[in-house]
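*Asks:* As given, the protein sequences belong to chains A and B, one line each in that order.
Those letters in the first sequence? Residues 1 to 256, by the numbering used here.
Those letters in the second sequence? Residues 257 to 522, by the numbering used here.
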Amino acid sequence: MLRIANVRKRYPNGLLALAGLDLTVAPGEILAIVGGSGCGKSTLLRLVSGLDRPTAGSVDLDGTPIVGPRAEIGMVFQEPRLMPWLTIDDNVAFGIRHLPAGERRQRVAEALSRVGLASHAGHWPRELSGGQAQRAALARALVGRPQVLLLDEPFSALDALTRQDLQDHLLDLWAYDRPTMILVTHDIEEALVLADRIVVMQPDPGRIRVSVSPPLARPRDRLDPEFLDWKYKLLAELDHASRKPTGDETFPAAAI
Amino acid sequence: MSVAAGRLQGSARRLGWLAGLILPLALALGWEMAVALKWADGRLLPTPSRIYATLAGLAASGELLDHVLATLQRVGLGFVFGVAAGTVLGAVSGYWTAVRRLIDPTLQALRNIPSIAWVPMFILWFGIFETSKIILIAVGVFFPIYLALSGAILGVDRKLVEVGRIFGFSHREMITRILLPATLPAYVIALRGGLGLGWMFVVAAEFMGAEQGLGFLLVDGQQTGRPAVILASIVSFACLGKLTDWLLAAVSVRFLRWQDSFKPAE
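The following block contains the structure:
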């Protein structure tokens with residue numbers, strides 16, 4: 001169980017990125033966090049990863065506070081961030097460098113074949129396409145079998161077709177070890193395809209606007225009327241969330 | 257493109273390095289002809305054939321090999337020590353701000369001292385024999401390595417460093433697995449620059465009293481009024497410098513294959 005309790009984050013420049021945020025994520029749950037830029041969603045992910053520390057409040061995993069990066073928590077960034085001087089298999093092995101060589105080789109081979117890159121093991125990162133590189137980054141994050149996988153807009157730099165392909169693929173990967181996943185995205189459709197629960201955040205200062213668990217059957221069909229209905233509802237929420245309030249104007253509740 | 261043209265282009269690529277010989281050979285031939293045709297006097301600037309004859313004579317007596325080995329040993333040892341110190345201090349100063357604040361200003365000041373200025377001190381401190389020579393060369397090699405490495409580490413992509421943090425890298429792992437490989441291209445250029453300085457400093461070192469070495473040969477040629485010997489020594493420096501630089505470049509190519517860099521057209 002991942003618990004985020006009353007977390008505030010103020011950056012040294014005075015910006016209040018998160019104002020007292022509470023969130024609990026169950027083991028194996030897929031949670032999507034959506035919101036416009038500046039709503040604090042990436043900040044939240046960095047706090048959970050241990051890369052940054054909250055100004056106040058606490059983040060803990062199964063009761064242990066997260067004070068720095070931990071082996072049980074993996075992360076995939078917006079860019080693949082592969083080491084250009086290592087071949088793909090060595091990049092993937094980064095995550096399990098403490099294992100004995102034999103086991104390491106076996107786990108790397110397994111991770112690469114799961115993401116469909118078995119034939120690219122000896123290639124350099126520069127030889128991969130954007131989608132392949134992000135698959136390699138997924139393999140690197142998953143090879144250590146983390147309990148929690150954090151994804152920071154992982155597919156936003158890819159073209160629409162590759163993005164859909166990788167979204168579907170991510171669910172297959174999740175099914176092996178069923179890690180808790182927190183996905184930060186600004187793509188409502190991506191959140192609806194993947195997540196059990198969707199949290200919409202709003203900026204100034206960053207906080208949760210609404211949290212929903214769409215009761216859509218899996219695998220989710222992007223063209224299903226019910227799916228589209230949810231997409232419109234959430235788009236409206238997102239639209240209201242990102243609009244700055246002006247004077248006494250009041251926003252209607254999300255209604256389609 | 258026809259097969260013949262393709263083959264021609266292939267051999268052009270293989271023999272491309274020969275292009276570098278055109279200029280020195282043309283200059284040598286031109287000078288040789290100018291002297292042969294009595295357009296110029298070859299006394300103070302001996303012809304290539306006389307320099308070659310001098311080199312051949314020195315080589316036949318075994319003298320040349322002794323000089324070359326003495327100089328090579330000094331450059332080699334000085335290079336190894338200079339690179340070791342430059343790498344350790346450069347890495348540490350690039351990685352830890354506190355260390356950089358402590359040592360960088362001093363080193364930046366020291367680096368502006370001309371090499372020759374050290375000679376009297378080094379002779380006083382380390383004597384007139386090998387130690388002072390090797391230290392002088394090491395000092396010359398140290399600075400380009402230190403400067404390039406500490407600067408390059410500060411320029412490493414933060415995003416790659418974050419990957420190391422996510423995987424819980426220790427400081428040592430961060431340096432050896434991310435920072436040093438990321439700075440390798442800059443490091444190799446610094447090594448080549450450092451080696452070049454090593455070759456320059458060895459002359460200064462051998463000027464300060466040596467009984468052997470190409471620098472000694474230079475002084476000897478001057479004192480005995482034999483310009484052909486001076487030029488034989490200079491030519492040897494040029495050849496050895498080029499050869500060692502080529503070796504360094506050839507070895508480093510292996511480690512830089514991953515680079516996705518600009519390749520000029522043939």
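We treat Cβ as the ideally placed atom computed from N, Cα and C, and that holds for glycine.
Does the CB of D322 (chain B) have a neighbour CB from chain A at under 7 Å?
*Replies:* In the second sequence, residue 322 (chain B) corresponds to position 66, counting from 1. No, D322 (chain B) does not count as interfacial toward chain A.
*Asks:* Unbroken alpha helix (DSSP H) runs of length 4 or more, entirely within the segment 328-407 of chain B: which are they?
*Replies:* With a minimum length of 4 residues, the continuous alpha helix (DSSP H) runs that stay inside the segment 328-407 of chain B are 353-366 and 371-382.
*Asks:* In terms of residue numbering, what span does the alpha helix (DSSP H) encompassing N91 (chain A) cover?
*Replies:* Counting from 1 along the first sequence, the entry for residue 91 (chain A) is found at position 91. I88 to A93 is the span of the alpha helix (DSSP H), which, as asked, contains N91 (chain A).
*Asks:* Where does the unbroken beta strand (DSSP E) through R197 (chain A) begin, and where does it stop?
*Replies:* Stepping through the first sequence from its first residue, residue 197 (chain A) is reached at position 197. Its beta strand (DSSP E) spans residues R197 to Q202.
*Asks:* Given a limit of 7 Å on CB to CB distance, which residues of the segment 416-427 of chain B reach chain A?
*Replies:* So the list reads L416, E418, V419, R421, I422, F423 and G424, given in the order they occur along the chain.
*Asks:* Name, in chain order, the residues that DSSP records as bridge partners for G74 (chain A).
*Replies:* For the purposes of this step, residue 74 (chain A) is identified with residue 74 of the first sequence, where counting begins at 1. Answer by DSSP bridge pairing, in chain order: A:L149.
*Asks:* Could you tell me if H427 (chain B) is buried or exposed, where buried requires 16 or more neighbouring beta carbons within 10 angstroms of its beta carbon?
*Replies:* Walking along the second sequence from the start, residue 427 (chain B) turns up at place 171. H427 (chain B) comes out exposed.
*Asks:* Could you list which residues in chain C have their beta carbon closer than 9 Å to that of P520 (chain B), in chain order?
*Replies:* The structure shown has no chain C; the protein chains it does contain are A and B.
*Asks:* For D248 (chain A) and L410 (chain B), what's the separation of their Cα atoms in angstroms?
*Replies:* Taking the first residue of the first sequence as position 1, residue 248 (chain A) is located at position 248. Taking the first residue of the second sequence as position 1, residue 410 (chain B) is located at position 154. Note that D248 (chain A) scores 43 on pLDDT, short of 50, meaning its location in the model is unreliable; the coordinates nonetheless yield the value given after this. Spanning the two alpha carbons is a distance of roughly 50 Å.
*Asks:* Taking A111 (chain A) as the reference, which of A:R97, A:R145, A:L86 and A:S242 has the closest Cα?
*Replies:* For the purposes of this step, residue 111 (chain A) is taken as the residue at position 111 of the first sequence. If we check each option's Cα against that of A111 (chain A), A:R145 comes out closest.
*Asks:* Output the distance between the C-alpha atoms of L435 (chain B) and L86 (chain A), rounded to the nearest integer angstrom.
*Replies:* Along the second sequence, one-based indexing puts residue 435 (chain B) at 179. Along the first sequence, one-based indexing puts residue 86 (chain A) at 86. Using only the alpha carbons, I get a separation of about 13 Å.
*Asks:* Would you call the segment 404-422 of chain B in contact with the segment 334-347 of chain B, where contact means no fewer than 3 C-beta pairs closer than 8 Å?
*Replies:* They touch, by the three-pair rule.
*Asks:* Just tell me which of B:D413, B:A484, B:F425 and B:F457 has its CA closest to the CA of P84 (chain A).
*Replies:* The residue you call residue 84 (chain A) lines up with position 84 of the first sequence. The residue with the shortest Cα to Cα distance from P84 (chain A) is B:D413.
*Asks:* Helix, strand or coil for V67 (chain A)? Go by DSSP, reduced to three states.
*Replies:* Here residue 67 (chain A) corresponds to residue number 67 of the first sequence, with the count starting at 1. Of the three classes helix, strand and coil, the one that applies to V67 (chain A) here is coil, per DSSP.
*Asks:* Expressed to the nearest angstrom, what Euclidean distance is found between the alpha-carbon atoms of A254 (chain A) and G20 (chain A)?
*Replies:* Stepping through the first sequence from its first residue, residue 254 (chain A) is reached at position 254. Stepping through the first sequence from its first residue, residue 20 (chain A) is reached at position 20. Low per-residue confidence applies at A254 (chain A): pLDDT is 46, beneath 50, and the placement is therefore not dependable, though the value from the model is reported in the following sentence. One C-alpha to the other measures close to 24 Å.
*Asks:* Taking DSSP's pairing of strands, which residues face S17 (chain A) in a bridge?
*Replies:* Taking the first residue of the first sequence as 1, we reach residue 17 (chain A) at position 17. Sequence check: residue 17 (chain A) is Ala here, not Ser. Paired residue(s): none; A17 (chain A) is not in a bridge.
*Asks:* Quick check on G95 (chain A) - is its C-beta less than 7 Å from some C-beta in chain B?
*Replies:* Position 95 of the first sequence holds residue 95 (chain A). It does: the Cβ of G95 (chain A) has a partner Cβ on chain B nearer than 7 Å.
*Asks:* Alpha carbon to alpha carbon, how far is D172 (chain A) from L82 (chain A)? Give it in angstroms, no decimals.
*Replies:* Within the first sequence, the letter at position 82 stands for residue 82 (chain A). Within the first sequence, the letter at position 172 stands for residue 172 (chain A). Distance between the alpha carbons of L82 (chain A) and D172 (chain A) is about 22 Å.
*Asks:* Taking only the alpha-carbon atoms, compute the straight-line gap between I369 (chain B) and C495 (chain B) and give it to the nearest angstrom.
*Replies:* Position 113 of the second sequence, counted from the start, is the residue given in the question as residue 369 (chain B). Position 239 of the second sequence, counted from the start, is the residue given in the question as residue 495 (chain B). For I369 (chain B) and C495 (chain B), the distance between alpha carbons rounds to 28 Å.
*Asks:* Quick check: what's the CA-CA separation for I401 (chain B) versus V339 (chain B)?
*Replies:* The residue you call residue 401 (chain B) lines up with position 145 of the second sequence. The residue you call residue 339 (chain B) lines up with position 83 of the second sequence. Their Cα atoms are separated by approximately 6 Å.
*Asks:* Does any residue of chain A have a CB that is nearer than 7 Å to the CB of P437 (chain B)?
*Replies:* Counting from 1 along the second sequence, the entry for residue 437 (chain B) is found at position 181. So, interface residue.
*Asks:* Output the boundary residues of the beta strand (DSSP E) element that contains L2 (chain A).
*Replies:* The residue given as residue 2 (chain A) occupies position 2 in the first sequence. Start and end: L2 to R10.
*Asks:* Anything in the segment 53-70 of chain A with a Cβ closer than 8 Å to a Cβ of chain B? List those residues in chain order, please.
*Replies:* Those residues of the segment 53-70 of chain A that come within reach of chain B (Cβ to Cβ, closer than 8 Å) are G68, P69 and R70.
*Asks:* Can you check which of these residues, A:H186, A:A5 and A:Y11, is closest to G57 (chain A) by C-alpha distance?
*Replies:* Mapped onto the first sequence, residue 57 (chain A) falls at position 57. Checked all of A:H186, A:A5 and A:Y11; the closest Cα to G57 (chain A) is A:A5.
*Asks:* Indicate whether R8 (chain A) and T55 (chain A) have their beta-carbon atoms separated by less than 7 Å.
*Replies:* Mapped onto the first sequence, residue 8 (chain A) falls at position 8. Mapped onto the first sequence, residue 55 (chain A) falls at position 55. Contact: yes.
*Asks:* Does the beta-carbon distance from S37 (chain A) to M75 (chain A) come in below 7 Å?
*Replies:* Here residue 37 (chain A) is taken as the residue at index 37 of the first sequence, counted from 1. Here residue 75 (chain A) is taken as the residue at index 75 of the first sequence, counted from 1. Contact flag unset, no.
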